[in-house]
Amino acid sequence: MTHQPPIAMLAELTHRCPLSCPYCSNPVEMARQEQELSTEDWVRVFREAAELGVLQLHLSGGEPATRRDLTDLVKAARDAGLYTNLITSGIGLTERRLRELDEAGLDHIQLSLQGTTPEMADEIGGYKGGYARKMQVAGWIKEIGFPLTLNAVLHRRNLHQLPRALEMAQEMGARRIEVATVQFHGWALQNRDALMPTREQAKEASRLVAEARVALKGKLVIDYVPADYHSDYPKRCMGGWGTTGLNIAPDGVVLPCHAAQTIPHLEFWSVSDHALGDIWQNNPAFNAYRGTDWMSEPCTSCDRKLKDFGGCRCQAMALAGDASVTDPVCKKSPHHPDLAARADAHAASDAALVYRSAPGKAQTEPAE
Amino acid sequence: MEGADIPCLPRGVRLHHDKVRDAWVLLAPERAVRLDPIGHAILSRVDGTASFDQITADLAATYNAPQEQIAGDAAGFLNALRERLFLEVA
Ligand code: SF4
Ligand code: SF4
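Chains as they are written, first to last, in the UniProt record's numbering: chain A, 1 to 368; chain B, 1 to 90.
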């Protein structure tokens, strides 16, 4: 059986990043610079991706701007026929670099926002002066005319800044904003006490988004990721395991989603040993949760199973200890009542932030 | 969409021929919209200089169909793209 080809690929060019956001989706065990794929490797992988059917390439990290060959990579991706999106905190981008990226054909930029004030943003990113630098970068992006999506990551500490984030997106000339409530994977899993929104905050955010969607229709497109610990149904993660997208880690390991390595029994293949198309079709890890055959009750007999594919496998692993059960976010999961109670307990905590550390370093670095 | 409106694709939105699936797609931030032959016929005439009237007249001539009917369908299609900010009007 051949599987329909993927549409989107996320290339994590590096795990290095000047910021140390406590919700970073990078794995706790990060790839070091020496392990990163070379320019030639990436160029080959981009070509293989386009031949496989990938249309959209997201260049991410870590901070992709820490790769010196970023402009060459963008050019190679465009030459391969891919739509290229740069996912960046802005830190490390200069005006000159942005102009080079423009010339190389970069299609779109997604700029992350840690907070709407310097105090909040620099505290969350763990990087002094980061906010000021980001605003400067946003100015250059606007001047050059790159299509922009502002990506506001929200949690208990900054959810009250959502209205301002919506204004900032418009001031920056963004056509889209992603209002993303923190998802508890990667580093965020260690920060549930510090970041979990309250139930009221989650409700208020949904209300504000619904209102803003009406008010800003035709001006700003709002993509919204609600707080899932407070939801009744899980998200359709990655559009369904192995159906639409794939991720490549900095060392070339190919993953069905960025957190997939938290599922211990799966073995992932690398682009250093296999062609991308071979991995997509034949790696048992990609086939493990494709479709619906792997499901058990309550999903098997549920009429939503093609809508959400049972939710997130990594979340089932993290919260229920078994990647093949119903995502505990689902109210039909036997683990759901426990999750809801835990969400409220996390939200009531006053724990301090645990910052992500740098690749290859065991200890968390101080915020400044 | 009025007859004199000049639709255009903003930067970051472009037509692309998907060889693997043998179909035209509209590529936009985080989205790839698969186009049917009619959608492609409309968008391939959106060049930032042709007015909506000129586009529908051309389509009517090419497909030998009444222009009013084509204008209705094309306006629906283009307005939906405009709402998602995949299309602008000059
Ligand atoms: S989430 Fe923060 S620390 Fe992680 S890659 Fe993005 S900017 Fe860097
Ligand atoms: S039971 Fe499974 S398929 Fe049904 S809504 Fe819950 S997670 Fe989705």
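Even glycine gets a Cβ: it sits at the ideal position worked out from N, Cα and C.
Would you say the beta carbon of residue i is closer than 7 angstroms to some non-hydrogen atom of ligand 3?
| i | result |
| --- | --- |
| Cys-314 of chain A | You won't find ligand 3 in this model; what it holds is ligand 1 and ligand 2. |
Please confirm whether residue i has its beta-carbon closer than 8 angstroms to some beta-carbon of chain B.
| i | result |
| --- | --- |
| Gln-363 of chain A | Only weak support is given to the placement of Gln-363 of chain A: the predicted model assigns it a pLDDT of 43, under 50, and the question is left unresolved by the model. |
| Thr-84 of chain A | no |
| Leu-216 of chain A | no |
| Gly-53 of chain A | yes |
| Thr-116 of chain A | no |
| Asp-107 of chain A | yes |
| Leu-279 of chain A | Looking at the sequence provided, one finds Ile at residue 279 of chain A rather than Leu. Taking Cβ atoms only, chain B never reaches closer than 8 angstroms to Ile-279 of chain A, which makes this a no. |
| His-3 of chain A | no |
| Leu-56 of chain A | Reading the sequence as shown, one finds Gln at residue 56 of chain A and not Leu. Judged by the 8 angstroms Cβ criterion, Gln-56 of chain A is in contact with chain B. |
| Pro-337 of chain A | no |
| Ile-87 of chain A | no |
| Gly-145 of chain A | yes |
| Val-221 of chain A | yes |
Measuring CB to CB, does residue i end up less than 8 angstroms from residue j?
| i | j | result |
| --- | --- | --- |
| Pro-256 of chain A | Met-238 of chain A | yes |
| Thr-116 of chain A | Arg-164 of chain A | yes |
| Tyr-193 of chain A | His-346 of chain A | Reading off the sequence, residue 193 of chain A comes out as Asp, not Tyr. Yes, the pair counts as a contact, with Cβ atoms nearer than the cut-off. |
| Ser-206 of chain A | Pro-234 of chain A | no |
| Pro-118 of chain A | Ala-138 of chain A | no |
| Leu-35 of chain B | Ala-50 of chain B | no |
| Leu-220 of chain A | Ile-177 of chain A | yes |
| Asn-287 of chain A | Gly-245 of chain A | no |
| Leu-82 of chain A | Ala-104 of chain A | no |
| His-3 of chain A | Gln-190 of chain A | no |
| Arg-99 of chain A | Ile-144 of chain A | yes |
Does the CB of residue i have a neighbour CB from chain A at under 8 angstroms?
| i | result |
| --- | --- |
| Val-25 of chain B | yes |
| Ala-80 of chain B | no |
| Asp-22 of chain B | no |
| Ala-32 of chain B | yes |
| Leu-87 of chain B | no |
| Asp-47 of chain B | no |
| His-16 of chain B | yes |
| Glu-2 of chain B | no |
| Gly-76 of chain B | no |
| Pro-7 of chain B | no |
| Gly-39 of chain B | no |
Could you say which of the options lies nearest to residue i if we only look at CA atoms?
| i | options | result |
| --- | --- | --- |
| Leu-55 of chain A | B:Cys-8, B:His-16, B:Ile-38 | B:His-16 |
| Asp-18 of chain B | A:Ser-25, A:Gly-186, A:Pro-5 | A:Pro-5 |
| Gln-201 of chain A | A:Ala-348, A:Glu-36, A:Pro-359 | A:Ala-348 |
| Thr-326 of chain A | A:Arg-68, A:Glu-51, A:Ser-301 | A:Ser-301 |
| Leu-87 of chain B | B:Ala-28, B:Gly-3, B:Arg-21, B:Ala-23 | B:Ala-28 |
| Asp-102 of chain A | A:Val-271, A:Ala-358, A:Asp-72, A:Ala-174 | A:Asp-72 |
| Leu-339 of chain A | A:Gln-161, A:Thr-39, A:Ala-316 | A:Ala-316 |
| Arg-44 of chain A | A:Ala-80, A:Leu-70, A:Tyr-23, A:Thr-66 | A:Ala-80 |
| Glu-83 of chain B | A:Asp-69, A:Leu-86, A:Asn-158, A:Arg-213 | A:Arg-213 |
| Met-135 of chain A | A:His-160, A:Thr-88, A:Val-179 | A:Thr-88 |
| Ala-259 of chain A | A:Ser-20, A:Ser-25, A:Met-9 | A:Ser-25 |
| Thr-149 of chain A | A:Asp-350, A:Ser-20, A:Leu-86, A:Ala-174 | A:Ala-174 |
| Leu-70 of chain A | A:Gly-92, A:Asp-228, A:Glu-51, A:Gln-183 | A:Gly-92 |
| Thr-39 of chain A | A:Cys-17, A:His-108, A:Pro-64, A:Glu-29 | A:Pro-64 |
| Asn-247 of chain A | A:Leu-106, A:Asp-41, A:Leu-10, A:Arg-68 | A:Leu-10 |
| Ser-296 of chain A | A:Gly-311, A:Pro-147, A:Val-209 | A:Gly-311 |
| Leu-266 of chain A | A:His-3, A:Ile-222, A:Ala-215, A:Pro-284 | A:Pro-284 |
| Asn-151 of chain A | A:Thr-292, A:Glu-211, A:Thr-2, A:Leu-86 | A:Leu-86 |
| Gly-90 of chain A | A:Glu-29, A:Leu-19, A:Val-74 | A:Leu-19 |
| Gly-291 of chain A | A:Asp-308, A:Ala-275, A:Gly-277 | A:Asp-308 |
| Trp-187 of chain A | A:Cys-17, A:Met-1, A:Tyr-355 | A:Tyr-355 |
What does residue i pair with, by DSSP beta-bridge criteria?
| i | result |
| --- | --- |
| Trp-24 of chain B | B:His-17, B:Leu-35 |
| Tyr-224 of chain A | A:Val-179 |
| Met-1 of chain B | None, per the DSSP bridge assignment. |
| Cys-8 of chain B | B:Glu-88 |
| Tyr-83 of chain A | A:Gln-56 |
| Gly-245 of chain A | A:Ala-8 |
| Ser-296 of chain A | Looking at the DSSP assignment, Ser-296 of chain A forms no beta bridge with any residue, so it has no partner. |
| Thr-88 of chain A | A:Leu-111 |
| Asn-151 of chain A | A:Ser-112, A:Glu-178 |
| Leu-255 of chain A | A:Asn-247 |
If you drop the 5 nearest sequence neighbours on each side, which residues of the same chain put their C-beta closer than 6 angstroms to that of residue i?
| i | result |
| --- | --- |
| Lys-332 of chain A | Pro-298 |
| Pro-250 of chain A | Glu-12, Thr-14, His-15, Ala-31, Glu-36 |
| Gln-114 of chain A | Ala-121, Ile-124, Gly-125 |
| Val-253 of chain A | Phe-268, Ser-270 |
| Arg-67 of chain A | Leu-13, Thr-14 |
Beta-carbon within less than 8 angstroms of residue i's beta-carbon, same chain only, minus the 5 sequence neighbours each way: which residues are those?
| i | result |
| --- | --- |
| Ala-90 of chain B | Asp-5, Ile-6, Pro-7, Cys-8, Gly-48 |
| Ala-77 of chain A | Phe-46, Leu-57, Leu-59, Thr-84 |
| Phe-52 of chain B | Met-1, Glu-2, Gly-3, Ala-4, Asp-5, Ile-6, Pro-7, Ala-71, Ala-74, Ala-75, Leu-78 |
| Asp-303 of chain A | none |
Using a Cβ-Cβ cut-off of 7 angstroms (strictly less than) and excluding sequence neighbours within five positions of residue i, which residues of its own chain qualify?
| i | result |
| --- | --- |
| Val-20 of chain B | none |
| Lys-217 of chain A | none |
| Gln-161 of chain A | Gly-115, Thr-116, Met-120 |
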